[in-house]
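To start, the structure under review is shown below, and the notes come after it.
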Amino acid sequence: MSVFAYICLGTNDMERACRFYDPVMATLGYARCDTSAEAGWEDWVGWGIYDDEGRRQDALWLCRPFDRHAASVGNGTMVALRATSWRQVDEFFAAALANGGEAEGEPGLRAYNADFYAAYVRDPDGNKLAVVCRGFTRRE
């Protein structure tokens, strides 16, 4: 069971953000959540699981801020996404850079733990993302 119901990040340009997140989240096996039957979702887009009107969800969402001010990033704020292999980490990083993201840390083992393979990027709005694989699952 996850500690999170969902994670939401702000965006100032939903179309640009979707052009980034569609291919990036696909590297981890996530597609857009189906919210077509839900009311009020015109300013929200998510990737992951959203079932039974949200009673079952594990998703990363983007939205325009409710206060209608510009979305901004938090200093020290980061969302870490789970990868199942080093290859997924590498593919996520490459897709992020190819779709408007900025590098914050190339794929590689980190000093945190001997098996902590991760990469860090910023999305087009400046939100910091990590993608992490724990375990010695090389790039096969």
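According to the working numbering, the sequence shown is numbered sequentially starting from 3. Glycine residues also receive a C-beta, built at the ideal position from the N, C-alpha and C atoms.
Proximity below 9 Å, CB of residue i to CB of residue j
| i | j | result |
| --- | --- | --- |
| G103 | F22 | yes |
| C65 | W46 | yes |
| A105 | F95 | yes |
| D36 | P126 | no |
| E40 | E55 | yes |
Residue closest to residue i, alpha-carbon to alpha-carbon, out of the options
| i | options | result |
| --- | --- | --- |
| C10 | G48, D24, H71 and D36 | G48 |
| L72 | V133, R136 and G12 | The sequence given here places Ala at residue 72; Leu does not occur at that position. Residue G12 is the option with its Cα nearest to A72. |
| Y114 | E40, C135 and W43 | C135 |
| P109 | R58, N129 and V133 | V133 |
| G76 | T29, L131 and G56 | L131 |
| R124 | E17, V26 and F6 | V26 |
| G63 | A33, L99, T29 and G137 | Rather than Gly, the amino acid found at residue 63 in this sequence is Trp. Looking at the Cα atoms, A33 is the closest of the given residues. |
| G31 | A100, L99, G128 and T86 | T86 |
| G78 | A19, G137, Y122 and S38 | Y122 |
Contacting residues, own chain, Cβ-Cβ under 8 Å from residue i (five flanking each side not counted)
| i | result |
| --- | --- |
| R161 | Only positions 3 to 142 of the chain appear in the structure, and residue 161 is not among them; the question remains open. |
| F138 | D117 |
| L99 | A105 and V123 |
| M80 | Y122, K130, L131 and A132 |
Local conformation of residue i per DSSP, three classes
| i | result |
| --- | --- |
| P126 | coil |
| P25 | helix |
| E40 | coil |
| F68 | coil |
| C35 | coil |
Same chain, Cβ closer than 6 Å to residue i, neighbours up to 5 away in sequence not counted
| i | result |
| --- | --- |
| A97 | P25, V26 and T29 |
| W43 | T37 |
| N129 | L11 and V75 |
| A67 | With the sequence shown as reference, residue 67 is identified as Pro, and Ala is not the correct amino acid for it. G12 and A73. |
Own chain residues within Cβ distance below 7 Å of residue i, not counting five before or after
| i | result |
| --- | --- |
| E93 | T29 |
| A7 | Q59 |
| N101 | R21, F22, P25 and V26 |
| R84 | V134 |
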